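Going by the UniProt record's numbering, the sequence shown opens with residue 1, and the numbers climb by one from there. For every residue, glycine included, the Cβ atom is placed at its ideal position computed from N, Cα and C. All values derive from a computational prediction rather than experimental measurement.
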Amino acid sequence: MEPSREVAGPRARHVRTSLLVIYSPLAEDCRRFYEGLGLEFALERHGAGPAHYAAVLSDGAVFEIYPATAERRTGALRLGFAVDATATTPRLDTGRHLLRDPDGRTVEVHVD
Numbered sequence: 001m002e003p004s005r006e007v008a009g010p011r012a013r014h015v016r017t018s019l020l021v022i023y024s025p026l027a028e029d030c031r032r033f034y035e036g037l038g039l040e041f042a043l044e045r046h047g048a049g050p051a052h053y054a055a056v057l058s059d060g061a062v063f064e065i066y067p068a069t070a071e072r073r074t075g076a077l078r079l080g081f082a083v084d085a086t087a088t089t090p091r092l093d094t095g096r097h098l099l100r101d102p103d104g105r106t107v108e109v110h111v112d
């Protein structure tokens with residue numbers, strides 16, 4: 001089942017998301033939440049930067065969870081994922097689900 005694409009206007013045919021980063025004061029809790037949707041994270045650190053979690057999505061885009069700081073916090077954001085029913089823990093029924101991650105972000109999940 002494809003997510004709804006009822007958006008007015010033309011599609012950007014040569015543009016796709018390659019990186020999505022969220023900053024969370026509850027990074028570990030968020031990692032567990034998104035792993036429940038089937039994402040597989042690796043702990044990474046680039047140079048002197050902070051340790052963070054990174055997952056590669058099926059289309060090659062990278063989703064990262066960094067610990068929040070006073071300077072870096074993710075504000076209001078709504079995420080959407082299309083997932084396979086067998087990948088979710090706990091198991092979600094086929095269809096559309098509106099969930100909240102540990103930071104309170106709305107996460108729209110389309111389960112095939």
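What's the gap between the Cα of Asp-93 and the Cα of Ala-48?
-> For the purposes of this step, residue 93 is identified with residue 93 of the sequence shown, where counting begins at 1. For the purposes of this step, residue 48 is identified with residue 48 of the sequence shown, where counting begins at 1. Rounded to whole angstroms, Asp-93 to Ala-48 spans 42 Å at the Cα level.
If you count every other CB in all the chains shown that lies within 10 Å of the CB of His-46, and 16 or more means buried, which is it?
-> Locating residue 46 in the sequence shown gives position 46, where the first residue counts as 1. Exposed is the call here.
Met-1 to Gly-95 span [Cα, whole Å] = Counting from one through the sequence shown, the residue named residue 1 turns up at place 1. Counting from one through the sequence shown, the residue named residue 95 turns up at place 95. With a pLDDT of only 47 at Met-1, under 50, the local geometry of the prediction cannot be trusted, and the value read off the model is given with reservation. Taking the straight line from one Cα to the other gives about 8 Å.
So the beta strand (DSSP E) Glu-64 belongs to, where does it begin and stop?
-> Taking the first residue of the sequence shown as 1, we reach residue 64 at position 64. Start and end: 62-67.
With DSSP collapsed to three states, give me the class of Ala-42.
-> Taking the first residue of the sequence shown as 1, we reach residue 42 at position 42. In the three-state reduction of the DSSP assignment, Ala-42 falls in the strand class, which pools E and B.
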